[in-house]
Every structure is written in C-alpha cells, then in structure tokens.
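Sequential numbering from 160 applies to the sequence shown in the working numbering.
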Amino acid sequence: MMRPSLRERVEQQRVQRAALGRTRARRTVTRRDGVRLEVDGHWLTGFCGNDYLGLGQHFAVTNALQDAASREGAGGLASHLVCGHHVLHQQLERELADWLGYPRALLFGSGFLANLAVVQALLGDEDLCVQDRLNHASLIDAARLAGCRLRRYPHADAEGALRQLRSVPDGAALLATDGVFSMDGDIAPLRELALVARVQHALLYVDDAHGVGVVGPDGRGSVAAARLGVEAVPLQLATLGKALGGYGAVVLGEAALIEHLAQSARPYLYTTALPPAQAAATLAAVKLARKDQWRRDRLAELIARLRAGAARHGFELLPSDTPIQPLLCGEDARAVAMAQALEAQGFWAAPIRPPTVPEGGARLRITLSALHTASDVDALLDALAWAREAVERGYRADAAQA
Ligand SMILES: *Cc1c(COP(=O)(O)O)cnc(C)c1O
C-alpha cells in the first residue's frame, strides 16, 4: 500500500480553499498611529483591532516597556520555574488579582496557551468538558488535546449546557464559556450558567478575553458585570493582548487551582516566561484601565452612535453592547467585497469567514476603540452605505487584495 503524500494533500487543500474563495491573505502594516494603520502606502482608519481602550500606544505603557527593557532586557530568559520568574511578573499578577477580585493570578504566554493549560491540567480521559458552540478555537482545541469528552451546546443556551452535563453524569466536569464572544460581541448568560454549574457540580471557567477592561464595574469584565466572583467562577481568563494593549494572558482563580496550574500545566511549565518588560508595560496599562473610566464611557457613546447610525442606514448589526459590532453579510464573497469597498474609502474592517464563524455567517467584524472619534464612526457609516451600493452594482477590487 502506498503511503499518502503530505505534499499532495496540502496541494488539494490549497485548491479546495481557493475554489471556495477562502484563501486568506495577510496585509502588512508599515506604521501604526492610534487607530490609523498604514498599508500599501495608504493610511486607513482601523475598525479591526482589539485594542479597545487604546492603551497599546499610550506613552505610559510604551515608556514602561522601554524602561524595563533597558534594565532587564528584551527576552524572557527561561520558563517561570527555571529562572524566568521576575518581580515584574509578580507585581503584575498581584495587580490583576486585586483588580479582578481573585485570590491568585498566573501569567501565560498567550490566551491560547492559557486555555490549553487550564483544560489539560484539570481534565483527563474520563472527564467532561461542556462548551458553548461559539467558544473560541483555543477552548475547543484544549478539550480535544486533553482527551476528555467534549459536548457542545447551542450558543448562549444554559438549558442546553444543563442537558449536556446531565448526559454524562459520571466524570468530573468543566463548563467553559467565552465571557464576551469574540466574533459576535454578545455576552454569555453567566448567572444561568453559574446555576447550572452549581447544580451539576461542574466547575465554571470563563474566558473573558474580550470582556476584561471593557465591560463591568471598573472594567472588571463580564464575570463582575454578572455580579459573580471566585465562588461561582473559580477560574477565569483575561488576555493582555486585547483591551490591555500588550501581549500574554492571565488565569485568575482560587489559590489551590492556580497553584495546581503552576505545578502541572504543560503550557506553563515548558515555555519561556513573558519578557518582564512586557509585564511592566501591562502593569502600566492595568493602572490606566482601572482609572480611566472615560475610555469605557467613550466606547459606550461610540457603540450607541454606530448602532443608531447603522439602524438609520438599514444595516443590521448583530445584537451586541460591546466594542465588537459584527455586520452580518451571509456569503463569504459579500463579506470580502464589502471589506474591499470599505478599504477603497479608507477604512479597514476585517471580513470573517468560515471556519472562524459558522457556514453562511460571514461578516464584517467591526471593532471600536476609545481612540475613535464620533466623526470616525460617522465616516465609517457613510463608507458602509457607499460600499453596500458598490457591492450591489458588482464592485470588485483587485483580487490580490482579498
Ligand atoms: C483572542 C482570544 C484568545 C486567545 O488569546 P491570545 O492571547 O490572543 O492567544 C482566547 N480566547 C478568546 C475568547 C479570544 O478572543
């Protein structure tokens, strides 16, 4: 028997991807200035980033990064348990735990790694992981890699979660959900899920990558917004690369659970620590995120302005109160054409296609930042209206830009 060729398989998949119009192209940014991004020699107004509070280029944040880098260097040196753990990591963990109201925090190289760590460190073959259908890919992969039984429930359906937990009554169970859903912008029904977890003796884990900094009192995220804490949600994830404008992630939780991760989670043990300079930058960003309520107030105004304007123009945005404001396009080609037409008007919103979203759910993922102005939003709305007409007339930009 002939072994299949991996190169041939790759080629088949390339052809298939191209036939479906799902080949993705990276755009190369040559300069960033707040929400403006320079691409191919043109400045675009970005409605595509996750720097919701506009902290990534704040002078206090970049100064902290430069300061610490000049003293401590650019790298992470080693894993935390070898010799990579630095007092700047410790300070950041304490600041995050204090802000979010958790006993302990543990830093990770990224949110993706943190999700792998949590699920793998807790669950084995006999166990159960129950997840929302629209959870982030890293949570799904985490359960697959852990080898546990994975059951998914319809989006935001707490009763569905209950049914899935009941269907596998033996085995320890983790109920995992995004707090704010990354491609939809809506918020999980956390109070209902907490109740389900309690009656089913499951542990509730909330991945609040897009919520922390943005929603809830003092920006403490969707768990705090639901008036829940460590008792109902013994573990939660926040990323440092979104509203906090940096890179990395943190898992917050009960002290014993966090200690277990630090002792046994492979994506914690066998990877280089975040550079201390990056921790210093995020420490500065957290201080700003806690104190600058105006950034969240500005976001709320911009969200309301975008939604009201979209309704006036007859655009249907998915229901969302967060800075993630998706405009459903349906077909892949339509989402891509809309994005291209927007770019021709000087705006960048990312077309999101399957498999990142369900089939038929292609969309423009419009995201807002506290650095946008009301006139940026108004100009985007005009550009969207122009794009819709242009696409209806069969607008096609250079295919190379897809
Ligand atoms: C972005 C994201 C992650 C991954 O975080 P990174 O730090 O970018 O690896 C995990 N979960 C959700 C819901 C996300 O949106």
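We treat Cβ as the ideally placed atom computed from N, Cα and C, and that holds for glycine. Quick caveat: nothing in here was measured; it's all calculated off a predicted structure.
Distance between beta carbons of residue j and residue i, contact taken as under 8 Å
{"i": "Ala302", "j": "Ser341", "result": "Contact flag wrong, Cβ pair sits at about 17 Å."}
{"i": "Gly243", "j": "Thr431", "result": "6 Å"}
{"i": "Trp453", "j": "Gln504", "result": "So it is not a contact: roughly 29 Å between Cβ atoms."}
{"i": "Pro435", "j": "Ala227", "result": "6 Å"}
{"i": "Ala444", "j": "Gly404", "result": "5 Å"}
Heavy atom of ligand 3 within 7 Å of residue i beta-carbon
{"i": "Gly215", "result": "Ligand 3 is not among the ligands present in this structure, which contains only ligand 1."}
Residue range of the unbroken beta strand (DSSP E) whose run includes residue i
{"i": "Val289", "result": "Leu287 to Asp291"}
{"i": "Arg162", "result": "That residue, Arg162, is in no beta strand (DSSP E); it is neither H nor E in DSSP."}
{"i": "Thr189", "result": "Val188 to Asp192"}
{"i": "Tyr364", "result": "Ala361 to Asp366"}
{"i": "Ala331", "result": "Run containing Ala331: none; DSSP gives neither H nor E here."}
{"i": "Arg263", "result": "Arg263 to Phe267"}
{"i": "Arg195", "result": "Arg195 to Val198"}
{"i": "Ala509", "result": "Ala509 to Ile511"}
Cut-off 7 Å between Cβ atoms - residues of its own chain near residue i, not counting five sequence neighbours on either side
{"i": "Arg512", "result": "Arg181, Asp491, Ala494 and Ala521"}
{"i": "Ala256", "result": "Pro262, Arg263, Ala264 and Leu411"}
{"i": "Ala558", "result": "With a pLDDT of 47 at Ala558, under the threshold of 50, the modelled position of that residue is not reliable, and the figure given next carries that caveat. Once the five neighbours on either side are set aside, Ala558 has no close Cβ partner at all."}
{"i": "Glu170", "result": "none"}
8 Å CB neighbourhood of residue i in its chain, flanking five on each side removed
{"i": "Thr481", "result": "Val339, Gly344, Asp345, Ile346, His369, Gly370, Val373, Val374 and Ile462"}
{"i": "Val387", "result": "First, the residue type needs correcting, since residue 387 is Leu and not Val in the sequence shown. Result list for Leu387: Leu349, Arg350 and Ala353, in chain order."}
{"i": "Arg555", "result": "Ala496 and Gln499"}
{"i": "His360", "result": "Ala332"}
{"i": "Gly574", "result": "Here the chain covers residues 160 to 561 and nothing more, so residue 574 does not appear."}
Reduced DSSP category for residue i - H, G, I as helix; E, B as strand; rest coil
{"i": "Gln504", "result": "coil"}
{"i": "Thr182", "result": "coil"}
{"i": "Thr532", "result": "coil"}
{"i": "Thr336", "result": "strand"}
{"i": "Arg379", "result": "coil"}
{"i": "Glu475", "result": "coil"}
{"i": "Leu349", "result": "helix"}
{"i": "Arg547", "result": "helix"}
{"i": "Gly489", "result": "strand"}
{"i": "Arg522", "result": "strand"}
{"i": "Leu309", "result": "strand"}
{"i": "Ala315", "result": "coil"}
Range covered by the alpha helix (DSSP H) that runs through residue i
{"i": "Gly404", "result": "Note, Gly404: premise wrong, no alpha helix (DSSP H); not H, not E."}
{"i": "Glu390", "result": "Looking at the DSSP string, Glu390 is not in any alpha helix (DSSP H), and its letter there is neither H nor E."}
{"i": "Arg555", "result": "That residue, Arg555, is in no alpha helix (DSSP H); it is neither H nor E in DSSP."}
6 Å Cβ shell around residue i - same chain, five flanking residues per side excluded
{"i": "Ala509", "result": "Cys207 and Arg524"}
{"i": "Ala424", "result": "Ala276 and Ala280"}
> Taking only runs of the beta strand (DSSP E) that begin and end inside the region 201-248, which ones reach a length of at least 3 residues, in chain order?
Replying inline: As far as the region 201-248 is concerned, its whole beta strand (DSSP E) runs of at least 3 residues are 201-205.
>> Which runs of the beta strand (DSSP E) at least 3 residues long sit entirely within the region 400-467? Give them in chain order.
In response: 408-412
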